[in-house]
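One structure is given here, and the rest of the page talks about it.
Protein chains in written order, with our numbering: chain F, 1 to 401; chain A, 1001 to 1212.
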C-alpha cells in the first residue's frame, strides 16, 4: 500500500509541472493566435479602403475603354485577397466589385450567377478521372446544363512590399480558355484612400489633381482676421484691480513654409477701442506648428501649437492698472484730465493652442506673460510655471481669407 | 521660453516621424520600412505639399529627401518565405515574361500556358495570376488552361530528382497531348524551400529549357 501511495505521489509530483507547463503553453499559443487575429483585422481594416480604390480604378478603366462592345454576361468567378487577411475582407472586396460594376453599366459587363462555374466538378472519361473547378472545364460545364456566362472575371488583390497590387483578367469560357483581357493596378501603402463615389468615378490622375487643387487652393499666403479677448488675472491679495478685458481686432498676413502648412508664421497689427475706457494698438508676431499630422487636413480639424510676441500700446482710464503700483482714487481723478490720462506700452510673450477647421475658421486660446509687469500689484497669475507668471488668458476667433 | 517650447515640440515631432530606431521607434518597426532617397522635386511629386521643391536657380545647400514607406503586412503575419516571394512578385514575373519573350522569339505566336510549382496552395495561384498578367502585358496570347498529367505519370515524376523531374513532366505533357504543338508552357518553380526567389522554365515541343 505504501509503495502504491509513493508511486501515486511521485506521479503527481512529476505530472503537475508538466501539466502546468502545457497549460501555460496552450495559453501562450491562444494569446498569440488572438494577437495575430487582432493584427490581421487591423491591417485588413486599413487595407480594404485601398483595395476599394484599386477596384474603382479598375472599373473606371473598364467604363472608359470597355472590353466588350455590347452588354455581355460575365461570371465573377474568383476574388482573392492578400494572403493572411482572411475571408472577411474577401467578402467586402467581392461586394464592392459587384456594387461598382452595377453602378457603371457603361462597362458593358453584366454580372451573372453561375453556380456550376465555381463548383468542384468530377469528370470520369475514357482516359482519366479529372477533378476541377467548373470554369476550368467548360466542356463538362456544358454537359451540366450550360453556362449563363460567356466570360469569367478573376480578381486578385495582394500586398507586395509597400504596394497593394490588384490584378484582373477576363477569360472566355471556351475549351481553350483564352484570356481576352488583363489589367494590373497598384497603390502605395502611404497613399491616402481616394474614397470616390461609385456612381461618379474619376481616374486616379483626376482625383490626384482635385486633391492638389484643394491643397494648393489657398496658396502659401493667407489673410487672417482675428477677434481676440484678453482677460487679466486678479491679484492674489485682492488689493489692486486688474485691467478690464481687452477686445482686439487684428489682421495681417500669415505665411506657410510649404503647402502642407506644418509651420506657419504670421505678422498682425491690431486695434482696440472702447469709448470712455481705452484704446490701443498692437503688433504681433507668431509661429505655429501643426500637431495633428504632417500636413494640414482638408477633411478634419487641425490643431496647432503657437507661440509669439506682442507689443501693445494702450491709453485711457481703464489702462491705469498696467503699472506696478496699486491704482488709487487719486490716480483715477488725475486720469480724468485729458492730458494726464494713463498711457503705456509693453511687450508680452504668449503660447497657446489653435484649432482650425479647413484653414477657414479657427478658435484659439493662449496664455500671455508681460515681463515688464511681472511685479505689478494690480494683476495676479493664471499660471505660474518655471518662474514665469502668465497674467493674461486670451481667446481668439480667426477667419482666414 | 516660447522658443524652447516650440523647439521641444519640433524635436518630439521629429522623433515621431524619424524612421531610425531610437527613443520612440523600435528596430522591428524600422525593419518594416522601405526607404528611398530622392530629390526634393521627386518627393514633392510623391507627397505633395510636404517638401518645398528646389528653386529654379537652385538652393543654397543641396537637399535630398528620404521617403520611407511602411510595408503593407507586418512581420509575422505570413510565413517568411511567402512574404519574401510576394514582396518581389511583380518584378520577378515581369522579368520572366521579358526573358521568355526575348530568349525565344520563335514562340511569340504560340499560346502560352502557365503552371506554378510552389508549396503553398494560397500563394501558388497568385504567382500564376501575376505571371499570366505579365505575359499578357508583353502582348502574348495566354490561356487559362492547365496542362494535366495522369496519376501514373505523377507517381513516377514526383520520385525523380528535380533536375530530371521538370523535363520529364514536359515530355509527358507533350506526349499525352496535354500540351500541343502550338502551346508553350511557362513553369514558375520554387526549387528549394530555403530560397526567396523563383525560377522559371519553358516547355515547348516536349523540351524543357530553364530561363532562370
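C-beta atoms are modelled at their ideal positions from N, C-alpha and C, and glycine is treated no differently. Computed from a predicted structure; not experimentally measured.
Just how far apart, CA to CA, sit residue i and residue j?
i: residue 1165(A); j: residue 42(F); result: 43 Å
i: residue 391(F); j: residue 321(F); result: 12 Å
i: residue 33(F); j: residue 1077(A); result: 10 Å
i: residue 70(F); j: residue 77(F); result: 21 Å
i: residue 1097(A); j: residue 260(F); result: 42 Å
i: residue 12(F); j: residue 31(F); result: Confidence at residue 12(F) is low in this model, with a pLDDT of 46, below 50, so the placement of that residue should be treated as unreliable; the coordinate-derived value is given next. Approximately 28 Å, taken between the alpha carbons.
i: residue 1052(A); j: residue 266(F); result: 19 Å
i: residue 74(F); j: residue 63(F); result: 15 Å
i: residue 239(F); j: residue 369(F); result: 21 Å
i: residue 1100(A); j: residue 1110(A); result: 12 Å
i: residue 1(F); j: residue 1079(A); result: Residue placement at residue 1(F) cannot be trusted, given a pLDDT of 46 that sits under 50; what the coordinates show is reported in the next sentence. Using only the alpha carbons, I get a separation of about 55 Å.
i: residue 388(F); j: residue 257(F); result: 30 Å
i: residue 243(F); j: residue 232(F); result: 6 Å
i: residue 96(F); j: residue 1168(A); result: 44 Å
i: residue 1163(A); j: residue 1208(A); result: 10 Å
i: residue 1176(A); j: residue 1074(A); result: 45 Å
i: residue 5(F); j: residue 38(F); result: Unreliable placement is indicated for residue 5(F), whose pLDDT of 48 sits below 50; the coordinate value is still reported in the next sentence. Computed Cα separation, rounded: 48 Å.
For residue i, report the span of its alpha helix (DSSP H) as first-last.
i: residue 1157(A); result: 1151-1157
i: residue 1085(A); result: 1080-1087
i: residue 1246(A); result: Given that chain A is displayed from residue 1001 to residue 1212, the structure contains no residue 1246(A) and the question cannot be resolved.
i: residue 142(F); result: 138-143
i: residue 1137(A); result: 1123-1137
i: residue 295(F); result: Premise fails: residue 295(F) is in no alpha helix (DSSP H) and is neither H nor E.
Which residue marks the beginning of the beta strand (DSSP E) containing residue i, and which one marks its end?
i: residue 1068(A); result: 1065-1070
i: residue 156(F); result: 151-160
i: residue 1035(A); result: 1033-1038
i: residue 168(F); result: 163-172
i: residue 224(F); result: 224-232
i: residue 279(F); result: 278-290
i: residue 1170(A); result: Run containing residue 1170(A): none in the beta strand (DSSP E); it sits in the alpha helix (DSSP H), 1162-1175.
i: residue 73(F); result: 72-80
i: residue 394(F); result: 392-400
i: residue 1203(A); result: 1199-1204
i: residue 184(F); result: 179-188
Identify the contact partners of residue i in chain A, using a Cβ-Cβ distance below 9 Å as the criterion.
i: residue 59(F); result: Chain A residues near residue 59(F): none, gap ~17 Å exceeds 9 Å.
i: residue 68(F); result: Correct list: empty, because the minimum Cβ distance to chain A is about 17 Å.
i: residue 43(F); result: 1072, 1073, 1074 and 1077
i: residue 212(F); result: 1048 and 1049
i: residue 215(F); result: 1048 and 1049
At 8 Å on the CB atoms, spell out the chain F contacts of residue i, in chain order.
i: residue 1054(A); result: What residue 1054(A) touches in chain F: nothing, since even the nearest Cβ is about 13 Å away.
i: residue 1123(A); result: 83
i: residue 1132(A); result: 169, 179 and 182
i: residue 1126(A); result: 80, 83, 156 and 158
i: residue 1065(A); result: What residue 1065(A) touches in chain F: nothing, since even the nearest Cβ is about 12 Å away.
Is residue i near the ligand FMN, with its Cβ less than 6 Å from a heavy atom?
i: residue 1059(A); result: Among the components modelled here there is no ligand, and therefore nothing to report on the ligand FMN.
Are the Cβ atoms of residue i and residue j separated by less than 7 Å?
i: residue 1200(A); j: residue 1211(A); result: yes
i: residue 1198(A); j: residue 1184(A); result: no
i: residue 316(F); j: residue 284(F); result: no
i: residue 1093(A); j: residue 1131(A); result: yes
i: residue 403(F); j: residue 29(F); result: As shown, chain F starts at 1 and ends at 401. That puts residue 403(F) outside it, with no answer to give.
i: residue 121(F); j: residue 140(F); result: yes
i: residue 397(F); j: residue 246(F); result: no
i: residue 79(F); j: residue 51(F); result: no
i: residue 1136(A); j: residue 297(F); result: no
i: residue 1147(A); j: residue 1173(A); result: yes
i: residue 1087(A); j: residue 160(F); result: yes
i: residue 346(F); j: residue 372(F); result: yes
i: residue 215(F); j: residue 1022(A); result: no
i: residue 57(F); j: residue 207(F); result: no
Please list, in chain order, the chain A residues whose beta carbon lies closer than 7 Å to that of residue i.
i: residue 260(F); result: 1049 and 1050
i: residue 295(F); result: 1049 and 1050
i: residue 47(F); result: 1072
i: residue 165(F); result: 1090
i: residue 102(F); result: Correct list: empty, because the minimum Cβ distance to chain A is about 24 Å.
Residue i versus chain F: which residues are under 7 Å apart at the beta carbon?
i: residue 1181(A); result: Correct list: empty, because the minimum Cβ distance to chain F is about 14 Å.
i: residue 1024(A); result: By Cβ distance, chain F contributes nothing, its closest Cβ being about 15 Å from residue 1024(A), past 7 Å.
i: residue 1087(A); result: 160 and 161
Quick one: list the residues of chain F neighbouring residue i, beta-carbon separation under 9 Å, in chain order.
i: residue 1116(A); result: Chain F residues near residue 1116(A): none, gap ~13 Å exceeds 9 Å.
Any C-beta of chain B sitting closer than 7 Å to the C-beta of residue i?
i: residue 375(F); result: No chain B is part of this structure, whose protein chains are labelled F and A.
Since residue i meets chain A, which of its residues come closer than 8 Å, beta carbon to beta carbon?
i: residue 381(F); result: Going along chain A, no residue has its Cβ under 8 Å from residue 381(F), so there is no contact; the nearest lies around 14 Å.
i: residue 40(F); result: 1077
i: residue 36(F); result: 1076 and 1077
Within 7 Å of chain F by C-beta, residues of the region 1028-1043 of chain A in sequence order: 1034
Proximal residues, the region 351-373 of chain F versus chain A, C-beta separation under 7 Å: 351
Cβ-based contacts, 9 Å cut-off: residues of the region 255-283 of chain F near chain A: 257, 258, 259, 260, 261, 262 and 263
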